[in-house]
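In our numbering, the protein residues as written are 698 to 917. All residues carry an ideal CB built from backbone N, CA and C; glycine is no exception.
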Ligand code: C5P
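Spelled out as structure tokens, the structure:
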């Protein structure tokens, strides 16, 4: 079983993915990691983000293991990490170089400790449209920019990262704009995706609704 969850930053994709992964025993691939890894490596090597060739070379040489090593760096999940990821992810060549690694995960899905999983859950922006167009179940999770910025702002405060709400909102809007309007694999719901708006629905409600869809699919 392959499940995809796409949508903008801070819509609740990660929480839904992790709830579903626990309930069904499926491995989880957060595909934003591949772009965050390339963006962070560019930063660590002192490369300008406009240097497409450098981004491509990093993408071509990225391994799953190195991506997880880079994820230990505090900048990996920072606002800067998200912004850099969104810039390098707009290069079509970079996206093409990172596609196979994402698709291959579904062939032999494993948990972090190497245990094989019975299925896979992807989260990202194009997992239902490009990475796994033949996924069994596709969700698109969204919420207003203000609600998402509020969530991100609180997350940063909890992690002790100093920031202000207006800055986070501006960042969320800028990322939405870049991710939705790029020429290759823009963020959009797959035609067969089920759309949830988490502005007014709690993540528990969304999880319950998603489970109903998956249970129904499994029966068939
Ligand atoms: O989901 P996350 O915030 O970690 O993603 C970081 C950035 O990576 C996104 O803003 C987007 O530009 C890019 N991304 C993408 N396609 C994906 C996942 C993430 O373009 N499937």
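According to the DSSP secondary-structure assignment, residue 725 is paired through a beta bridge with 818.
Scanning its chain for C-beta atoms nearer than 6 Å, with the 5 sequence neighbours on each side dropped, one finds around residue 886 the residues 837 and 892, in chain order. Distance from the CA atom of residue 852 to the CA atom of residue 842, rounded to whole angstroms, is 15 Å. Judged by the Cβ position, residue 728 qualifies as a neighbour of the ligand C5P at the 6 Å threshold, a heavy atom of the ligand being closer than this. Look at the region 848 to 893 and you find no whole run of beta strand (DSSP E) that is 3 residues long or longer. If you draw a straight line from the Cα of residue 908 to the Cα of residue 750, it is about 43 Å long. Residues of the same chain with a CB within less than 6 Å of the CB of residue 714, apart from the 5 flanking positions on each side, are 702, 725, 818 and 820 in chain order.
Under a 10 Å Cβ-count criterion, residue 742 is classified as exposed, with fewer than 16 other Cβ atoms of the shown protein chains found around its own Cβ. Within the region 721 to 808, complete alpha helix (DSSP H) segments of at least 4 residues are found at 729 to 741, 749 to 758, 761 to 767, 776 to 785 and 789 to 802, given in chain order. By the CB criterion at 7 Å, residue 699 and residue 782 fall outside the cutoff.
Residue 872 has its CB nearer than 6 Å to a heavy atom of the ligand C5P. Nearest C-alpha to residue 756 among 880, 792, 744 and 878: 792.
Per DSSP, reduced to three states, the secondary structure at residue 826 is helical.
As computed with DSSP, residue 700 is found in a beta bridge with 818 and 834.
Cβ-Cβ distances below 6 Å link residue 799 to 728 and 828 in the same chain, with the five nearest sequence neighbours on each side left out; the list follows chain order.
For residue 883, the closest of 840, 834, 849 and 825 by C-alpha to C-alpha distance is 825.
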